[in-house]
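Position in the sequence shown (from 1) plus 80 gives the number in my numbering. Here is the structure we will look at, set down as structure tokens.
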Amino acid sequence: QVQLVESGGGLVQAGGSLRLSCAASGMMIFRGARMGWYRQPPGAQRELVAGIASGDTTNYADSVKGRFTISRDNARNTVYLEMNNLKPEDTAVYYCNAFYFSTNYWGKGTLVTVSS
């Protein structure tokens with residue numbers, strides 16, 4: 081059974097940095113999964129933040145380009161989201177997503193709060 085566990089969220093001041101991690105288990109071929117980070121701000125819908133394909137091609141929401149970096153370590157079955165120059169509008173619950181053998185999997189989320 082595929083499981084995704086996020087960590088690294090917390091409270092940070094505007095302009096600060098955080099690194100989120102997502103540890104995946106239950107995947108025979110982690111490197112074959114398309115991984116992504118989504119977020120859901122208070123009172124808003126979930127939105128894509130960044131994605132990384134099996135070939136390490138990445139894509140980002142316009143709002144985080146130049147500030148966030150997604151990466152993966154296939155040896156550790158882990159995907160990361162490096163977040164720099166954080167803004168109050170980045171406050172949200174951040175979810176790890178895996179698209180693996182035509183199925184979407186989600187973690188339970190980690191809360192990021194950016195104070196002004």
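Virtual Cβ for every residue (Gly too), placed ideally from N, Cα, C.
Along the chain, where does the beta strand (DSSP E) containing residue i start, and where does it finish?
i, result
"I150", "F148 to D153"
"S101", "L98 to S105"
"M163", "T158 to M163"
"S134", "Segment: none, S134 is in no beta strand (DSSP E) and carries neither H nor E."
"A172", "A172 to Y180"
"V192", "T190 to S195"
Could you check which residue in the options has the C-alpha nearest to that of residue i?
i, options, result
"F148", "N154, S182 and T138", "T138"
"R152", "T171, S97 and L161", "L161"
"C102", "V194, G135 and T190", "T190"
"G112", "S196, A133 and S143", "A133"
"F110", "L166, F181, K167 and G123", "F181"
"G106", "R156, G123 and G146", "R156"
"K167", "N177, T183, G96 and N154", "G96"
"L84", "N184, T193 and V194", "N184"
Short of 6 Å in beta carbon distance, which residues of its chain neighbour residue i, apart from the five on each side in sequence? Order them along the chain.
i, result
"Y175", "Y118, W186, G187 and G189"
"V173", "Q120, G189 and L191"
"I150", "A130, I132, T138 and L161"
"V159", "C102, M115 and R152"
Going by beta carbon distance, what residues of the same chain come within less than 7 Å of residue i, once the five residues before and after it are set aside?
i, result
"G88", "L98, R99, L100, S101 and T190"
Ignore the nearest five residues each way along the sequence and tell me which others in residue i's own chain have a CB closer than 8 Å to its CB.
i, result
"A141", "E127, L128, V129 and A130"
"M108", "none"
Just confirm the distance between the C-beta atoms of residue i and residue j, as a whole number of angstroms; I'd bet it's less than 8 Å.
i, j, result
"A94", "S196", "5 Å"
Give a yes or no on whether the minimum CB-CB distance between residue i and chain B is below 8 Å.
i, result
"S195", "The question asks about chain B, but that chain is absent: this structure has only one protein chain."
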